[in-house]
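Below is one structure; the comments refer to it alone.
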Amino acid sequence: MRKPLVAGNWKMNNPDESSKVLLENILEHAELLETQLLQEDNSSAIDIAVFPPSVYLKDAQEILTGSQLHWGTQNVSAYDEGPYTGEISASMIKGFGCDYVLIGHSERRCLYEKLELDQFVLDQIVAQKYEMAIEHDLIPIICIGETAEDYASGKTEEVIARLLDVLIAHKGVKTLAKTVLAYEPVWAIGTGKSATPEWAQDIHAFMRKRIAEHDVDTADSIRIIYGGSVKPDNAKAIFAKPDVDGGLIGGASLDVEEFSQICLAAATK
Ligand code: 13P
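For what it's worth, the working numbering labels the leading residue of the sequence shown as 4, then goes sequentially.
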């Protein structure tokens, strides 16, 4: 049984004190949720993680330490240390008490695309970041998804298979079990146009099948979450699908009421 995960990607929002206020509010709501949802063995029904901008990690650490909530960063360097201006290493991130890190988000990929790097090269960079995260005991949430153009030309599975194959070739299939995969169709991000639950299910099942070709246990145990315009009114139907193990939430994670409702939908899946 895979425990659902709801992750809030704040992106570059909530400057200054508003980050602290949101962290405090999320903590308060999560504690309420926790008391409603505590399972018989006292474990929580879901994992919840937040990803504030890195400059607010210390606030996250101060406010969330000792709670059931997890936190992490929206990116990690592909290198350990050295002359990489503006980058943050996995060991630095770990030093702020993070458990998770987002890797390969399409909003970061498109920065590289402006440099006209090939998609396969981008997948290799994602694989290096994944390796760094694993080496420092962070759980990478590896984002994967097709553009509107790929979608229109029926290339969704090709795009997804390419990254999965690179990840498996890089560290072997068993290591993949230490990650979370996030299917995030680019056309659904921030557009209000979520994938249908059926589409999400089909793609998640495709991902699991591709992994199962290498190792059935990894395919069964890995969490695959969905991201792209998840809101309280569509979360329940998307999370109800058997291969959808929760969500990666953008806009709605900035509103504590909406985020809590989405967490509740995942917890009562
Ligand atoms: P939205 O939920 O705002 O569409 O963003 C999804 C996302 O990019 C999460 O990483």
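All C-beta atoms in this analysis are idealised placements derived from N, C-alpha and C, irrespective of residue type, glycine included.
The model shown is predicted, which means the values in this text are computed figures rather than measured ones.
Closest residue to residue i among the options (Cα-Cα distance)
i    : options                   : result
R165 : P86, F123, P56 and L179   : F123
E138 : Y59, F262, D83 and V58    : D83
D218 : V247, A180, P245 and N16  : A180
E37  : E27, A48 and G85          : A48
K14  : L67, T68 and G253         : G253
E149 : E134, G231, R226 and T76  : G231
A270 : L251, D246 and F242       : F242
V79  : P235, L67, E260 and Y133  : Y133
L30  : T68, L184, G75 and I265   : T68
S285 : V233, D19 and D248        : A question about residue 285 goes unanswered here, because the residues of the chain that appear run from 4 up to 272.
A63  : S46, L35, Y103 and G85    : Y103
P188 : C266, I144, M210 and T159 : T159
V169 : I145, C266, D220 and L267 : I145
P235 : D126, A268, A33 and H173  : A268
E260 : I227, G175 and A33        : A33
A81  : Q131, I106, D50 and S94   : Q131
Y229 : K239, K196, A203 and I171 : A203
S197 : A240, A172 and S92        : A240
M135 : L35, I91, I163 and A172   : I91
Counterpart residues of residue i in DSSP-defined beta bridges
i    : result
N12  : F54
W74  : V53
A185 : C146 and I228
Y103 : G75 and I142
L251 : A10 and G230
Buried/exposed call for residue i, threshold 16 Cβ in 10 Å
i    : result
A151 : exposed
E65  : exposed
P273 : No answer is possible for residue 273: the residues shown for the chain start at 4 and end at 272.
Y324 : One cannot answer for residue 324 here, as it falls past the ends of the chain, which runs 4 to 272.
Q39  : exposed
V9   : buried
M4   : exposed
V24  : exposed
V183 : buried
D248 : buried
P18  : exposed
L251 : buried
D50  : buried
K244 : buried
Pairwise C-alpha distance: residue j and residue i
i    : j    : result
N237 : G89  : 37 Å
A52  : D121 : 31 Å
I214 : A222 : 5 Å
P56  : N16  : 7 Å
E161 : D258 : 35 Å
H207 : D246 : 6 Å
C101 : T199 : 32 Å
I96  : H73  : 13 Å
L60  : K212 : 36 Å
E20  : L26  : 10 Å
G175 : L167 : 11 Å
D126 : E201 : 27 Å
S22  : T194 : 24 Å
I128 : I106 : 10 Å
G11  : Q77  : 10 Å
D205 : G85  : 42 Å
V190 : G75  : First, the amino acid is wrong: residue 190 is Trp here, not Val. Distance between the alpha carbons of W190 and G75 is about 25 Å.
L114 : I147 : 16 Å
F54  : Q71  : 15 Å
K177 : D140 : 15 Å
R226 : F99  : 24 Å
P143 : F209 : 20 Å
N28  : Q264 : 13 Å
Residue i CB to nearest heavy atom of the ligand GDP below 6 Å
i   : result
N12 : Inclusion of the ligand GDP in the displayed structure is not the case, the ligand content consisting of the ligand 13P alone.
Residue i at chain C interface by Cβ criterion, 7 Å
i    : result
I214 : Annotation note: the requested chain C is absent from the structure, which comprises a single protein chain.
- Any contact of the stretch 101-120 with the stretch 153-162, i.e. 3+ C-beta pairs under 8 Å? no
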